[in-house]
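All residue numbers for the sequence shown refer to the working numbering, where the first residue is 32 and numbers rise by one.
Glycine included, C-beta positions come from ideal geometry on N, C-alpha and C.
Inspection log for the structure reproduced underneath, given as structure tokens.
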Amino acid sequence: MIEEILRNVGLSDKEIEIYLSALKLGPQPASVLARSAGLNRTTTYAILETLFRKGLISQFIKAEIKYFSVISVDNLVSFVERKINDLRRTKTDLEILIPQIMSYINPESSKPRVVFLENLPGIKKLYKEIEICDAEIYTLFFFSPDTILQAKDEALEMKYEFLFKRLENNNCRTLIFADAKNVVEVRNYFRDRNINLEEYIKFIENISFPENLEVNVFLNKVFFVTYNESKLSAVILEDALISSAIKSVIEEVLKK
């Protein structure tokens, strides 16, 4: 039972042998611990150094001989807590680097990849990925002031919240489709939020665009989001050629 717990903590079998020997025998030279654990002295010294770096044992000199001893069993808990904190930091770093890691995929060697999302947490996670992406983001969006004023459910509120965050970051090239009758109101809505309307946003009037559809393009991904009856659904298409084509169309429209 004890060995299994120590193994789950992250110690190797040999580290466990040395640690338990030091625990049972108290302060001892490496030669005594090696004999107790059934290991050679060279291997034992290497393991003791590893356990010392992990903060699980201490070492001191007595009569010109180096002794090793377990500091405190409580240090096992501290060791686990440090590992948890390290993993959390690694997880955060990894989440930030995912878009860069994905950019290493060779688009010529793989077929277009399609992923379907129908749960809010999954879609929210992808919105977050877009938000922290360093690359430019291209968006097609139907915007209606009436719609946002009526946004009472979590799904629609999240959809608009992430749109504003992207626009405020000034790295989102966006085509906003709006009814001609309320385009002035829509422009004022964005100006009131100090969002740059000149370089990054172009309003498209009198073109039929589905009110419940949003399209985002970033890196080599095309992210389609549909909203229907208080429910968000999404399709992610990964393909360099398709994403590049949509980006080019949006760039051309923004120039006009």
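Cβ neighbours of residue 161 within its own chain (closer than 8 Å, five residues either side excluded): 168, 193, 197, 247, 249 and 254.
Pairing residue 92 with residue 101 gives a Cβ-Cβ distance that is not under 9 Å. Segment contact: the segment 110–129 against the segment 61–68, fewer than three CB-CB distances shorter than 8 Å; contact not assigned.
In the DSSP annotation of this structure, the continuous segment of the alpha helix (DSSP H) that includes residue 45 starts and ends at 44–56.
With respect to the C-alpha of residue 257, the residue from 95, 148, 99 and 55 having the closest C-alpha is 148.
Excluding residues up to 5 positions away in sequence, 68 lie with their Cβ nearer than 6 Å to the Cβ of residue 48 in the same chain.
Taken atom to atom, the span from the alpha-carbon of residue 273 to that of residue 83 is near 54 Å. Residue 205 is not a Cβ neighbour of residue 159, given a cutoff of 9 Å. Going by DSSP, residue 39 is part of the alpha helix (DSSP H) stretching over 33–40. Just so you know, the alpha carbons of residue 75 and residue 105 end up roughly 23 Å apart. Boundaries cannot be given for residue 104, as no beta strand (DSSP E) includes it and DSSP labels it neither H nor E. Under the three-state reduction of DSSP, residue 250 is assigned to coil, being neither helix nor strand.
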